[in-house]
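Protein chains in written order, with our numbering: chain A, 502 to 938; chain B, 68 to 543; chain C, 221 to 581. Have a look at the structure below before the remarks.
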Amino acid sequence: MRTRLFVGVMASVGAAALALAATGVAKVGGTKSGQVLPASSCGPLQYGGSGKPQYIVASDLPLQGSSRSQTIEMTKAILFQLKSSGWKAGKYTVGYQSCDDSTAQAGKWDPAKCSANAGNYARDQQVIAVIGTFNSGCAEIEVPVANRASLGYVSPANTYIGLTHRPALPGEPNKYYPTGKRNYARVVAADDFQGSANVLLVKQLGLKSVYILNDKEAYGFGIASAFRNVAANGSVGVKVAGFAAWDPKASSYQDIATKIKNSGAQAIFLGGLECENGGKLVKDLKAGVPNATLVAPDGFSSFKDTIKDAGSASEGMYISIAGQPYKFLSAAGKKFAADFGKSIGLAAAKVNPYSNYGATAMQVVLAAIAKSSGNRASVASHLFNASFTNTPIGNFKLNQNGDTNAGAISFYQVKNGQAPFLKLISPPASLVALAKP
Amino acid sequence: MPVRGHGRFGAAWWEALGRVGLTETRWDGWPVTVRRAVIAAAVGLLLLVVLAPLFGFDASAFIAYAVFFALYVPSWERWLGKPGQWVIPLAFLGLTITYPYYGSKLFTIPILGAFPDVHTAVVMLIFVMMAVGLNVVVGYAGLLDLGYVAFYAIGAYSCAALASQQFAGQNANGSPKRTIDFGAIGVDKSLGGIHISVWLLLVLAGVLTSLIGMLIGLPTLRLRGDYLAIVTLGFGEILPQIARNGDNLFNSGFNLTNGPQGITPVDSIGFGSWIHRNVGLPDNYLIASNGDRLFFWTAIVLVLFTIFCSLRLRDSRLGRAWIAIREDETAAAAMGIPLMRTKTLAYAIGAFFGGVAGAYFAEFTTSANPDSFSFNFSVFVLVMVILGGIGNVWGVLFGAAFLAYLDQAGLADTGAWINLHLHVKIDVPKYEFGIYGLILLVVMLFRPHGLIPEARRKLEFEQGVADEPLYDITSA
Amino acid sequence: MINEAPTGTVVALRQRRPPVNVLTLIGIALVGLLIVWLAINLEKTPYQFFSAFLIGITNGSVYGLVALGYTLVYGILELINFAHGDVFMLGGMIAITVVTSVFSLNGGDPAYVVWPALVATLVISMVGCGLINATVERIAYRPLRGAPRLVPLITAIASSFILQNVALAWKGPNFVTLNSGTSGGADFLPQSNVFSVGGIRYTWPSLIVLLITAPVLFALLWLVQRTRQGKAMRATAQDREAAAMMGIDVDRTISFTFLLAGGLAGAAGLIYAVYFTSVRFDQGFQLGLIAFTAAVLGGIGNLPGAVVGALLIGMIQSFNNTLTWHAPGSDWTQSIVFAILILILVFRPEGLLGERTPEGG
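Structure below.
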């Protein structure tokens, strides 16, 4: 009897609490503050106009780990470009959210995170286009998901060939576009340009044979294979002395250096990312094969990290970036570097080249939105067969595959702890066609 | 006078209560319902007085409390008889199934951040499945497995390879060499490749992983516990490297796993247009507008199946054989239990669930990539099992859900909260595995049987077992 | 030797095992194939072979120092101390920090500046790592002395992760580096050749590694064989209860062993730092596993065995990476090392030099 009374009292207390809550006497809290994409992956919505923007452009970059210094600056450049356009694209108002496809644990892009991000963008109807990704492996996961949602992507940095055109692995690039319609474009030249330009550099340096190394990651393997296929063809006159992988978890690469020394290679191509123990690799190669020239693609383009990790062994190595250096930028590009640099406190020439590419990607996206009829498919369709002028990287066209016609690759050489610009190489189409991932 | 053993803290607590008139005897004299109601009221009061002023009132919090009260306080078994024991599990199941509808409206947990969204919930469920699978190996059979990531990888890759254009081959003119379509959804015929229905593949992946698990187990399971752990660690490192080198397996030119690029995209999961039109089930999860929810509900089905199997195994002859081996191998063998076969079965079953979970994960993320597989992953699942309660399915369930939530969103939100309120700049997710290491250490030192212990295991930890292995490998 | 584990009272039941001689034959056949492969490579590319040999010896020496620590602890406690590799990495970081911040050594510093600084750094890092190791033992292993065997193993993994994150918090996720000289190794080490035959160069940094490892090994052997402490260690390893009954303070002996193992890890860390010049917080675990493989290969609990195993592993790695005739190549090196670990544990758990014991090691 007492039990039931007690329980009854308690139940009424509970019911009263419920009633109180229901009448709204208790404040309802816990609404997310204006966030559209989840806070666990994305930063806050940035919009300088009044009220809320009609559409959102998201950027999908690895904001943690070794590429951090480059990508953080890129997000600022993207925001700067949007701000300079007055937060508008044609008659639509546009806001920006910066999203992260890396995890702190991995220190680089994470496949599950990429897939989750792509799903988030696809589901959120306010997201009308995405600027991303930075790493080709991540794009291979995100693009098909976005394709099904007709969501357009513009990448400022992906170089894997098979994402947009052939020659590529079987099934590429169609397997990334399940609906059959393209939704992915990029403003950098792909591995076929960078690979063939690197082969040409080796030739121009007068070196006869090259040993190719890769880090067994998506990007590194892709560009090393592209390089190999161009060189192996024989038309350039550079011989492939060997093709091997370096294990990022190994403590020393002296043994690989010995193998390379005995192969007689005069140049070594480092197809991979610097954060995969690239610094130690450079040191050991310099010690073991002192007469060989080291050539590296844009995986080593974070000059500060490369020079710091490799120390004096990095002297003399060549590093390429798919695009123009500050010196050769058009007036619009120089102005962007100057203005943007001022806004973040850097000299124009010190602005990371990828920031220009990030800003260009935003400009492309805004142009496509302006021309579109306000839905995703329309925006995506305006990314192709289009010309863009006065961008931070100059004038260029995007063809029907979403590839840029600007195929110049700039080379930098490390001297005295700095990496000044050396020269520009634009590989001919015949050579580019030989590259295959 | 009932004498109950108490630790120092318990004894002091009862003494303090005795001073205000509530002695332990009187407490024991009250009916169960009353006692529970008092505890629930005390908890509610605590939350109201301490948390509400700090974090604000929230209607959903009140409702959650009312639900908790309604489930916890009444003694359902006494009121409803035998079916009463199903009330709480069914209520919990119901709450889980309907989660997508109310999840976004729930209150924000202090410090930890918001409740997970449906996408995170799917990942949590997949980890739950893996943890329950590992629990069979570590919890039931007592075999420490440090290479569980290998099973996850095999499951993911076998599903991905057989539901994509991986094996299309290429003819001279560029067209695919083979196209095998067996019930797959949303396949682009021009791409070729082997496309098997994903439902079948979930089972197939599980079976394949199980077979490989048995192959791995046969030579190694007769080793002593810590050696077995090292061997499984070794396999856990070798298999991902095979995945990474799989585009040119042993220089034969055969592309098994597409190497560092991984296999992407993987076919979508669904029921196809015929069933969609006639029965109404979704045809293609990836293009459905509520795709996340569909994945969520399917994951619930898989997890239910896993839990069901686990519970039945625990209560079966095999489960009792595992207990016997755990506690005294020599005596078990003397009783006629076939040691190797029993251990191998544990390993194979754990592998099966790991494989199915891996396959589902590959489906969910539409890719299988060698970067996802690392030793840290094996340890992560192990921490779930150990924290939750080694050998106890419910404990493992909560441990897995909680840690998966921490990994996906909780740590980031906690870090943001700490940085905001304590005015520091610590990147909490960076130290994720240090935190897990700390959790493991604390659990092992103070409560090795986990948060929700399994009764028998608890006794084993407290009283010890005769765990010398049976096999004598001396030469004479 | 710290390798005589207590003979158990477990009754040996005969059960079905593959007959020993078949396995031995297969083992001999595999080793034979390996020798043939090495011989062919030697004949085809002799300079590469010898270079690989020398590199393997040097790398193996570094692994050997770490493996010694593993073996010491295993011999006395039958515990695989996963945290050992991370203590070693911390030692490397301590060494680099001391060398760059306290002594500011650079290439071009004269020998009378470099060597005392290195000796001081060696002492600092050995003491530091010894203390870290002893602390880990005190916190994580001693309370669990009587627990089932798997519990301290899990705690070891936990300690490993905690130490890794300590290193991460201290130095961040990037590499901590020393500038390397033209022959490899830090630039303040002498860079000239010891000898140079044909294409093979053997430089001073590599010799310095050997010059430090060998005396350490002998000192350790002397300590274990000839001193009272060493006797106490051996006794505790053989039978803990009997040792306690004989008046040996078991807790102190075990702590001393961990201190010693930590000191070895610190020394190994310094050598790693000045020879490889690049450390990161997560490299310790991987290296620890390789060193553990080496210890198992040589016979866990057997001190010279650990070094022998380490030299073998070092050579296998460098042969695989360097030789070109039908070599699996650097893609597979990690898998080969782990495959060796698995094969040894399954087929010959007592290793090459160890003695068979009832529990299989």
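Beta carbons are placed, not taken as given, at the ideal position from N, Cα and C, and that holds for glycine.
Buried or exposed: where does residue i fall if 16 or more other Cβ atoms within 10 Å of its Cβ makes it buried?
i, result
"Ala235/B", "buried"
"Lys478/A", "No answer is possible for residue 478/A: the residues shown for chain A start at 502 and end at 938."
"Ala766/A", "buried"
"Met465/C", "exposed"
"Tyr168/B", "exposed"
"Pro327/B", "buried"
"Ala520/A", "Reliability fails at Ala520/A, whose pLDDT of 45 lies under 50, so the model's placement of it is uncertain and the value that follows must be treated cautiously. Burial call: exposed."
"Gly549/A", "exposed"
"Thr890/A", "exposed"
"Asn659/A", "buried"
"Trp747/A", "buried"
"Val116/B", "exposed"
"Lys528/A", "Because Lys528/A sits at a pLDDT of 33, beneath the cut-off of 50, its placement in the model cannot be relied upon, and the point is left open."
"Ser534/A", "Any reading at Ser534/A needs caution, since the residue's pLDDT is 36, under 50, leaving its predicted position unreliable; the model's value is listed next. Ser534/A is exposed by the Cβ-count criterion."
"Ser340/B", "exposed"
"Lys497/B", "buried"
"Glu82/B", "exposed"
"Arg387/B", "exposed"
"Lys937/A", "buried"
"Arg421/C", "buried"
"Lys676/A", "buried"
"Ala930/A", "exposed"
Beta carbon of residue i: closer than 7 Å to some heavy atom of the ligand ATP?
i, result
"Ala315/C", "Of ligands this structure carries none, so the ligand ATP is not represented either."
In this structure, what does DSSP give as the bridge partners for residue i?
i, result
"Leu112/B", "Beta-bridge pairing links Leu112/B to no other residue."
"Gln598/A", "Ala559/A"
"Lys589/A", "Thr594/A"
"Gly456/B", "Note: Gly456/B sits in no beta bridge, so no partner."
"Ala887/A", "Leu899/A"
"Arg687/A", "Ser656/A"
"Asn322/B", "Looking at the DSSP assignment, Asn322/B forms no beta bridge with any residue, so it has no partner."
"Tyr294/B", "Paired residue(s): none; Tyr294/B is not in a bridge."
"Ala355/B", "Paired residues: none, contrary to the question."
Measure the beta-carbon distance from residue i to residue j and round it to whole angstroms, keeping in mind my assumption that it falls under 8 Å.
i, j, result
"Leu441/C", "Leu523/C", "6 Å"
"Val460/B", "Leu378/B", "6 Å"
"Val688/A", "Tyr858/A", "6 Å"
"Gly260/B", "Gln232/B", "3 Å"
Taking 8 Å as the cut-off, decide whether the C-beta atoms of residue i and residue j are in contact.
i, j, result
"Gly800/A", "Gly721/A", "yes"
"Ser961/A", "Asn618/A", "What is shown of chain A runs 502 to 938, which leaves residue 961/A out entirely."
"Val655/A", "Ala559/A", "no"
"Tyr294/C", "Ile520/C", "yes"
"Thr402/C", "Ala788/A", "yes"
"Thr355/C", "Ala315/C", "no"
"Leu517/C", "Gly534/C", "no"
"Leu708/A", "Tyr685/A", "no"
"Gly418/C", "Tyr283/C", "no"
"Gly779/A", "Ile713/A", "no"
Between the segment 639–646 of chain A and the segment 314–331 of chain B, can you find at least three pairs of beta-carbon atoms closer than 8 Å? yes
Are the segment 342–360 of chain B and the segment 235–249 of chain B in contact at 8 Å, needing three or more beta carbon pairs? no
Looking at C-beta atoms only, is the number of pairs between the segment 295–308 of chain C and the segment 538–551 of chain C that lie closer than 8 Å three or more? The answer is no - the segment 538–551 of chain C does not touch the segment 295–308 of chain C, with fewer than three Cβ pairs under 8 Å.
Inter-stretch contact (C-beta, 8 Å, three-pair minimum) for the segment 305–316 of chain B and the segment 426–440 of chain B: yes
Can at least three beta-carbon pairs, one atom from the segment 289–306 of chain B and one from the segment 206–215 of chain B, be found at a separation below 8 Å? yes
Does the segment 415–434 of chain B come close enough to the segment 609–628 of chain A that 3 or more CB-CB pairs lie under 8 Å? yes
Do the segment 333–349 of chain C and the segment 482–491 of chain C meet, that is, are 3 or more Cβ pairs less than 8 Å apart? yes
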